[in-house]
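Below is one structure; the comments refer to it alone.
There are 2 protein chains.
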Amino acid sequence: MRPIKQNGYHHGNLRRAVLDAALEAIAESGPAGWSLRELARRAGVSHAAPAHHFGDKTGLLTAVAAEGFGMFADALERAGDDALEVGVAYVRFAVGHRPYFEVMFRPELYRMDDPGLTTARERAARVLLTSSGRLSPAPAQERLTTIAAWSLVHGFACLWLSGSLPEAAREDPEALARSVIRLFPGTSSPS
Amino acid sequence: MRPIKQNGYHHGNLRRAVLDAALEAIAESGPAGWSLRELARRAGVSHAAPAHHFGDKTGLLTAVAAEGFGMFADALERAGDDALEVGVAYVRFAVGHRPYFEVMFRPELYRMDDPGLTTARERAARVLLTSSGRLSPAPAQERLTTIAAWSLVHGFACLWLSGSLPEAAREDPEALARSVIRLFPGTSSPS
DNA sequence: ACCCTATCTTGACATTGACAAAATCGCGAG
DNA sequence: CTCGCGATTTTGTCAATGTCAAGATAGGGT
Numbered sequence: 001m002r003p004i005k006q007n008g009y010h011h012g013n014l015r016r017a018v019l020d021a022a023l024e025a026i027a028e029s030g031p032a033g034w035s036l037r038e039l040a041r042r043a044g045v046s047h048a049a050p051a052h053h054f055g056d057k058t059g060l061l062t063a064v065a066a067e068g069f070g071m072f073a074d075a076l077e078r079a080g081d082d083a084l085e086v087g088v089a090y091v092r093f094a095v096g097h098r099p100y101f102e103v104m105f106r107p108e109l110y111r112m113d114d115p116g117l118t119t120a121r122e123r124a125a126r127v128l129l130t131s132s133g134r135l136s137p138a139p140a141q142e143r144l145t146t147i148a149a150w151s152l153v154h155g156f157a158c159l160w161l162s163g164s165l166p167e168a169a170r171e172d173p174e175a176l177a178r179s180v181i182r183l184f185p186g187t188s189s190p191s
Numbered sequence: 001m002r003p004i005k006q007n008g009y010h011h012g013n014l015r016r017a018v019l020d021a022a023l024e025a026i027a028e029s030g031p032a033g034w035s036l037r038e039l040a041r042r043a044g045v046s047h048a049a050p051a052h053h054f055g056d057k058t059g060l061l062t063a064v065a066a067e068g069f070g071m072f073a074d075a076l077e078r079a080g081d082d083a084l085e086v087g088v089a090y091v092r093f094a095v096g097h098r099p100y101f102e103v104m105f106r107p108e109l110y111r112m113d114d115p116g117l118t119t120a121r122e123r124a125a126r127v128l129l130t131s132s133g134r135l136s137p138a139p140a141q142e143r144l145t146t147i148a149a150w151s152l153v154h155g156f157a158c159l160w161l162s163g164s165l166p167e168a169a170r171e172d173p174e175a176l177a178r179s180v181i182r183l184f185p186g187t188s189s190p191s
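Sequences listed follow chains S and D, in order. Counting from 1, position 164 in the first sequence corresponds to residue 164 in full-length UniProt numbering; the numbering is continuous, with no gaps. Counting from 1, position 148 in the second sequence corresponds to residue 148 in full-length UniProt numbering; the numbering is continuous, with no gaps.
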């Protein structure tokens, strides 16, 4: 946002500033419509400053994805054990943190071997697994039920973000998501 | 693939050649991991030849999306009126024509005001609407049911394409999709 | 034989990602 | 205090890319 440097050189936390600038740029132009040099310009530093903290563009996107998966896992854990609430939290995160979400589920943009990223990813997957497991009518279908519930909320989030749903513009996505998820068997009566 | 030109200049259908080269490049490196000049190199023409047919990079991606929506609508119409089969066709198209699918649902990459694109898009939407409509238990929930069914198949396709599903590597996506869709209320007994 | 239009080439320019080397800052050792 | 050292930032540079403008070529219609 605002330039960090006052006069001469500085040693501020440029890492955070560049990350925020990247998130803002992704929000404006998508995960590929920006440039490292533009971020540096926004942060008020020279064109090669971000390279020291992130290596290259892929490294910056890896940092975005890792942070995103961490926040995502937190949000899902906060939703508790009820599958409906976890699903709503899934959509709420996608809509409320669109830049993170758009990078997270595009693995060709970042490095999947990042350690912090994979742990956060597994943490989020565990919440999805446990919450959707109790939707299954029989233990044999537990795996399919998890995939189906995950697909439902993920698909809704993607369609809403891409503007494919005609009602996307004039309706609250969270309320709409709640109504849609309720159609899935087992989510109507939580307790 | 193969260079078109034999000797000197040529007037072949470069448009098709560039489109095919673009699809191949997208299949390899995603919708953003290629360059116009690389396509021209692959097709054996000069670096600015594609510009005459597509204007710019966005124009080329618009052509890809338009052609993709046309093939998509054809595939869905071929599946008939049964919601389960339409859903399976949805996933089959996403997996079998991955480059098209990845561009189609990323509107920031192309121009949505393209006339041929919007007509094909509406044609596909109509199939989804009519086939999912008969899944609804009550007419009042028809809109929600359509959104839910669409979200389910779209989410499954996206998760499978992004490699997020752990079983993605060792199972047939079409069969898995069929099992998953069957969990949705109303799809078990088609007739 | 000639021209005309679509098609393709060539040349150029600004922007970008990446790398190397120099410059600067901040902090601890003496 | 000051000196040096590592972390950080700058500057300079290069190849690659997208886009535009101008020239060259082919093939058909007159």
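Note that beta-carbon positions come from the ideal geometry of N, C-alpha and C, so glycine has one too. None of the values given here were measured: they were computed from a predicted structure.
*Alpha-carbon to alpha-carbon, VAL86(D) and GLY80(D)*: When rounded, the separation of the alpha-carbon atoms in GLY80(D) and VAL86(D) is 7 Å.
*Since ALA27(S) and ARG98(S) are thought to touch, with beta carbons under 8 Å apart, how far apart are those beta carbons, to the nearest angstrom?*
About 6 Å; that satisfies the 8 Å criterion.
*By how many angstroms is the C-alpha of ALA32(S) removed from the C-alpha of GLY33(D)?*
Near 10 Å, if we compare the C-alpha coordinates of ALA32(S) and GLY33(D).
*Could you tell me which uninterrupted beta strand (DSSP E) segments, each at least 3 residues in length, are contained entirely in the segment 56-112 of chain S, listed from first to last along the chain?*
Within the segment 56-112 of chain S, no run of beta strand (DSSP E) reaches 3 residues while sitting entirely inside it.
*Just checking my contact of ASP114(D) with THR62(D) at CB under 8 Å: how many whole Å lie between their CB atoms?*
Contact annotation, ASP114(D) with THR62(D): C-beta distance approximately 5 Å; criterion of less than 8 Å satisfied.
*Going by CA-CA distance only, name the one from ALA125(S), GLU171(S), GLU167(S) that's closest to SER151(S).*
The option with the nearest alpha carbon to SER151(S) is ALA125(S).
*In the DSSP assignment, find the alpha helix (DSSP H) that holds GLY33(S) and state where it starts and stops.*
Careful: GLY33(S) lies outside any alpha helix (DSSP H) and carries neither H nor E.
*asked:* Looking at the secondary structure, which residues open and close the alpha helix (DSSP H) in which PRO50(D) lies?
replied: First-last of the alpha helix (DSSP H) with PRO50(D): 49-54.
*Indicate the three-state DSSP secondary structure (helix, strand or coil) for ARG134(S) in the structure shown.*
In this structure, ARG134(S) counts as coil in the three-state DSSP scheme.
*Thinking THR145(D) and SER131(D) are a contact (beta carbons under 8 Å), I'd like their distance in whole angstroms, please.*
Contact doesn't hold; Cβ gap of about 11 Å is too wide.
_Extent of the continuous alpha helix (DSSP H) to which PRO173(S) belongs_ = Going by DSSP, PRO173(S) is part of the alpha helix (DSSP H) stretching over 173-182.
*Mind the definition here: the segment 89-97 of chain S touches the segment 165-182 of chain S only if three or more C-beta pairs lie below 8 Å; say whether that holds.*
Touching, yes, given that three or more Cβ pairs across the two stretches are closer than 8 Å.
*What are the boundary residues of the alpha helix (DSSP H) that VAL18(D) is part of?*
14-29 is the span of the alpha helix (DSSP H), which, as asked, contains VAL18(D).
_Cross-chain neighbours of residue 192(S) in chain D, by beta carbon under 8 Å_ = Because chain S in this structure spans residues 1 to 191, residue 192(S) falls outside the shown range and cannot be described.
*Closest residue to VAL18(D) among LEU39(D), SER35(D), SER29(D), GLY30(D) (Cα-Cα distance)*: Per the Cα distances, LEU39(D).
*What residues from the UniProt domain "HTH tetR-type" (12-72) of chain D come within 9 Å of chain S, judged by C-beta to C-beta, listed N to C?*
Answer in chain order: SER29, GLY30, PRO31, ALA32, GLY33.
*Is SER188(D) buried or exposed, if buried means 16 or more other CB atoms sit within 10 Å of its CB?*
Answer is exposed; the Cβ neighbour count stays below 16.
*If you run the structure through DSSP and keep just helix, strand and coil, what is TYR9(D)?*
Annotation note: pLDDT 43 at TYR9(D) (below 50); position unreliable, coordinate value reported separately. TYR9(D): coil per DSSP, three-state reduction.
*Report yes if the C-beta distance between ALA73(D) and ARG123(D) is below 7 Å; otherwise report no.*
Against a cut-off of 7 Å, the Cβ pair of ARG123(D) and ALA73(D) comes out as a contact.
*With a CB to CB cut of under 7 Å and the five nearest residues on each side skipped, what residues in its chain are close to ARG15(D)?*
Same-chain partners within the cutoff: HIS53.
*For chain S, is any of its Cβ atoms less than 7 Å away from the one on SER136(D)?*
Closer than 7 Å: no.
_Within 7 Å of any Cβ in chain D, is that where the Cβ of PHE101(S) sits?_
No, PHE101(S) lies away from the interface with chain D (no Cβ there is under 7 Å from its Cβ).
*Alpha-carbon to alpha-carbon, ALA149(D) and ARG143(S)*: Each residue's alpha carbon lies about 19 Å from the other.
*Tell me, please, whether the CB atom of ILE4(S) is closer than 7 Å to any CB atom in chain D?*
At ILE4(S), the pLDDT of 40 sits below 50, so the modelled position is not reliable; the number obtained from the coordinates is stated separately. Answer no: the Cβ-Cβ gap between ILE4(S) and chain D never drops below 7 Å.
*asked:* Between LEU129(S) and chain D, is the shortest Cβ-Cβ distance under 7 Å, so that the two count as touching?
replied: It does not: the Cβ of LEU129(S) has no partner Cβ on chain D nearer than 7 Å.
*How should GLY68(D) be labelled, buried or exposed, when 16 other C-beta atoms within 10 angstroms of its C-beta is the threshold for buried?*
By the neighbour-count rule (16 or more Cβ atoms within 10 Å), GLY68(D) is buried.
*asked:* My output table needs one value for TRP128(S): the three-state DSSP class, helix, strand or coil.
replied: According to the sequence displayed, residue 128(S) carries Leu and not Trp. When DSSP states are grouped into helix, strand and coil, LEU128(S) belongs to the helix group.
*Please compile the residues from chain S whose C-beta is within a distance smaller than 9 Å of the C-beta of LEU144(D).*
For LEU144(D), the chain S residues whose Cβ falls inside 9 Å of its Cβ are LEU176, SER179, VAL180, ARG182, LEU183, in order along the chain.
*asked:* Assuming PRO185(D) and PRO185(S) are in contact, meaning their beta carbons sit under 8 Å apart, how far apart are those beta carbons, in whole angstroms?
replied: Here PRO185(D) really is in contact with PRO185(S); their C-beta atoms are around 6 Å apart, less than 8 Å.
*asked:* Could you check whether the Cβ of PHE93(D) sits closer than 7 Å to any Cβ belonging to chain S?
replied: Nearest CB-CB separation between PHE93(D) and chain S: not below the 7 Å threshold.
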